[in-house]
Amino acid sequence: HNTMKFATKLQEVHQLAFGQGFDAGDSYTMADYEEMALEFTEDYKACHIEDDRQWTKEFLEKEFFRLVEGDEVVEVEYGNDVNSADFGSGFLQRNCGSKLHPFNLNRLPLDESGVLQFLDEEVPGVSCPWLYFGALFSAFCWHNEDHYLYSISFMHFGEPKTWYGVPGKEATALEKCMKQCKPDLFEAEPDIMLKLVTMMSPLTLLENNVRVCRLVQTPGDYVITFPRAYHSGFNHGFNCAEAVNFADAHWFKFGRRSANKYRDHGRFSAFSHERLLLSTIKNGELLVESDVALITTAMRRLIDEQTWIRGTIFQAGVTKSQPMMYRCDDKSQPKLEKTILTSSLALKAETKSVLKLDPSTPKVESASKPSLKAESVSSPKIKSVLSAKLEQKSLKMDLTNDFEISQTDLSIDGLCGENVAIDSVECFICKHLCFLAFVRCPCKPKVSACLEHFHKLCSCPKSRHVIWYRHTIEQLKQFLRVLKSANS
Numbered sequence: 001h002n003t004m005k006f007a008t009k010l011q012e013v014h015q016l017a018f019g020q021g022f023d024a025g026d027s028y029t030m031a032d033y034e035e036m037a038l039e040f041t042e043d044y045k046a047c048h049i050e051d052d053r054q055w056t057k058e059f060l061e062k063e064f065f066r067l068v069e070g071d072e073v074v075e076v077e078y079g080n081d082v083n084s085a086d087f088g089s090g091f092l093q094r095n096c097g098s099k100l101h102p103f104n105l106n107r108l109p110l111d112e113s114g115v116l117q118f119l120d121e122e123v124p125g126v127s128c129p130w131l132y133f134g135a136l137f138s139a140f141c142w143h144n145e146d147h148y149l150y151s152i153s154f155m156h157f158g159e160p161k162t163w164y165g166v167p168g169k170e171a172t173a174l175e176k177c178m179k180q181c182k183p184d185l186f187e188a189e190p191d192i193m194l195k196l197v198t199m200m201s202p203l204t205l206l207e208n209n210v211r212v213c214r215l216v217q218t219p220g221d222y223v224i225t226f227p228r229a230y231h232s233g234f235n236h237g238f239n240c241a242e243a244v245n246f247a248d249a250h251w252f253k254f255g256r257r258s259a260n261k262y263r264d265h266g267r268f269s270a271f272s273h274e275r276l277l278l279s280t281i282k283n284g285e286l287l288v289e290s291d292v293a294l295i296t297t298a299m300r301r302l303i304d305e306q307t308w309i310r311g312t313i314f315q316a317g318v319t320k321s322q323p324m325m326y327r328c329d330d331k332s333q334p335k336l337e338k339t340i341l342t343s344s345l346a347l348k349a350e351t352k353s354v355l356k357l358d359p360s361t362p363k364v365e366s367a368s369k370p371s372l373k374a375e376s377v378s379s380p381k382i383k384s385v386l387s388a389k390l391e392q393k394s395l396k397m398d399l400t401n402d403f404e405i406s407q408t409d410l411s412i413d414g415l416c417g418e419n420v421a422i423d424s425v426e427c428f429i430c431k432h433l434c435f436l437a438f439v440r441c442p443c444k445p446k447v448s449a450c451l452e453h454f455h456k457l458c459s460c461p462k463s464r465h466v467i468w469y470r471h472t473i474e475q476l477k478q479f480l481r482v483l484k485s486a487n488s
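Per the UniProt record's numbering, the sequence shown starts with residue 1, numbered consecutively.
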């Protein structure tokens with residue numbers, strides 16, 4: 001791609017410690033960017049060293065953090081997040097007709113041993129690699145990967161790249177240290193660690209008993225980061241790297257934590273965690289036994305969450321429900337769909353239900369008070385009652401309610417061939433992708449709330465609200481039975 005251009009971000013190295021966002025830089029062809037980066041390096045050398053022998057990895061590391069923590073004004077353009085689907089990849093493409101190496105970054109995310117192969121569409125930067133064109137002192141600030149995924153980076157050519165890493169189990173310690181050292185930043189922007197704009201010296205972290213690892217990546221090297229592991233780094237000069245995400249069955253427990261963190265900060269998700277879990281179970285015959293155990297644990301936790309929260313909503317007064325409809329080509333349905341789902345009409349007739357609680361179950365006085373995450377299910381009695389009632393029977397309800405809605409709105413997945421994205425329903429509060437269920441009210445028919453924020457939907461009586469659901473609790477349990485059957 002000699003003539004194709006990519007956009008850059010203008011980084012003020014002396015501002016990296018202050019959480020400043022990056023302005024747009026110029027656009028370059030790869031040849032033009034290389035020329036700019038080499039010229040920048042030569043100009044910097046001329047002003048800061050007298051002998052090329054001083055230009056070592058150790059010197060550059062000290063110089064980088066001197067700039068980060070000092071007042072000298074230095075600006076550099078970083079060509080990051082360049083979509084390889086548009087610009088081209090340094091690896092053979094999946095459609096090349098040749099067998100791809102297992103560490104080909106175009107193959108790895110969708111490898112048969114991983115779970116991202118079950119995503120229903122390609123996600124740039126997650127399942128499709130991004131390219132990174134670096135220049136001297138261009139940097140990537142402290143962050144962990146989207147959805148706490150694994151990442152893998154390969155350097156194609158150019159000058160080295162220094163990396164710093166903090167293990168996932170010490171992520172909280174890093175965040176605590178950053179908050180203590182930069183309280184004003186976190187007070188102004190509580191979600192600043194999700195924005196990839198803040199750099200801190202690894203020495204500061206070490207002084208605060210945070211474990212930090214360091215490596216220098218050179219051409220031909222792969223660097224892998226693990227779920228929730230924080231990492232940062234800087235480039236020693238012009239180079240080109242390529243990176244992508246991947247995940248195995250162990251990742252689901254991390255992905256769930258990330259989804260909850262996104263909800264806490266109102267951040268958009270790259271994909272629906274719940275949808276990927278169900279899609280993985282749908283393809284259970286492709287999983288090995290050890291993966292089945294991990295995915296079963298993740299699914300049971302999801303069922304517990306849904307059981308609790310749907311019961312809480314019912315107790316709060318939301319007694320109307322409506323099943324979502326499916327397209328006939330909906331890939332999210334299990335292959336053994338006849339054992340789980342009937343046709344749309346049969347589903348509508350069969351699933352006019354919501355949880356019926358035992359009279360002895362404590363009444364939820366205020367829907368805004370309880371925490372509705374799985375950890376909130378603290379009462380074994382409540383949990384057992386909920387599960388027992390779900391097993392025994394469901395409450396039949398009249399769906400001919402005053403929730404006037406058009407056929408188009410009814411079809412979340414695109415009834416009658418309408419092209420509507422299956423993950424398009426987002427909670428208006430936390431931006432969570434409401435794959436399994438959401439709540440609406442006739443007063444705001446286009447506004448949706450996730451099950452955790454249904455009480456913030458509007459001031460109407462809860463009896464007017466309608467919970468839209470994709471699967472009943474019993475159907476979610478059937479996914480587990482299908483998974484067990486596929487691997488027996």
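Note that the Cβ used here is the ideal one computed from N, Cα and C, for glycine as well.
Check the Cα spacing between residue 249 and each of 290, 238 and 263: the tightest is with 290.
Under DSSP, residue 311 forms no beta bridge with any residue.
Assigned with DSSP and collapsed to three states, residue 52 falls in helix. Rounded to the nearest whole angstrom, the C-alpha separation of residue 239 and residue 213 is 22 Å. With a cutoff of 8 Å on beta-carbon distance, residue 59 and residue 6 are scored as not near each other. The Cβ-Cβ distance between residue 270 and residue 147 falls below 8 Å. If the five residues before and after residue 3 are omitted, its C-beta is found closer than 7 Å to the C-beta atoms of 29, all from its own chain and listed in chain order.
Counting of Cβ neighbours within 10 angstroms places residue 53 among the exposed residues, the total staying below 16. If you draw a straight line from the Cα of residue 232 to the Cα of residue 199, it is about 8 Å long.
Of all C-beta pairs linking the stretch 163-181 to the stretch 214-232, three or more are shorter than 8 Å, placing the two stretches in contact. Residue environment analysis places residue 259 among the buried positions, since at least 16 neighbouring C-beta atoms fall within 10 angstroms of its C-beta. Counting only residues of its own chain and dropping the five nearest sequence neighbours on each side, residue 179 has a CB closer than 6 Å to the CB of 186.
C-alpha of residue 476 to C-alpha of residue 447: approximately 26 Å in a straight line.
Judged by beta-carbon spacing, residue 245 lies within the 8 Å limit of residue 109, meaning their Cβ atoms are closer than that value. Contact between the stretch 70-82 and the stretch 129-138 is present: 3 or more CB-CB pairs across the two stretches fall below 8 Å. Cβ neighbours of residue 145 within its own chain (closer than 7 Å, five residues either side excluded): 151, 225 and 245.
When Cβ pairs closer than 8 Å are counted between the two stretches, the stretch 15-30 is seen to touch the stretch 66-78, the count reaching three or more. Per DSSP, the beta-bridge partners of residue 217 are 161. Less than 8 Å separates the beta-carbon of residue 16 from that of residue 139. Assigned with DSSP and collapsed to three states, residue 437 falls in strand. Rounded to the nearest whole angstrom, the CA to CA distance from residue 18 to residue 174 is 16 Å. Take residue 13, set aside five residues on each side of it, and the residues of its chain with a beta-carbon closer than 8 Å to its own are 64, 67, 68, 74, 75, 76, 137 and 139, in chain order. In the DSSP assignment, residue 233 falls within the unbroken beta strand (DSSP E) covering 230-235. DSSP places residue 64 inside the alpha helix (DSSP H), whose first and last residues are 57-69. For residue 99, the three-state secondary structure derived from DSSP is coil. Around the beta carbon of residue 222, a 10 Å sphere encloses fewer than 16 other beta carbons of the protein chains shown; the residue is thus reported as exposed.
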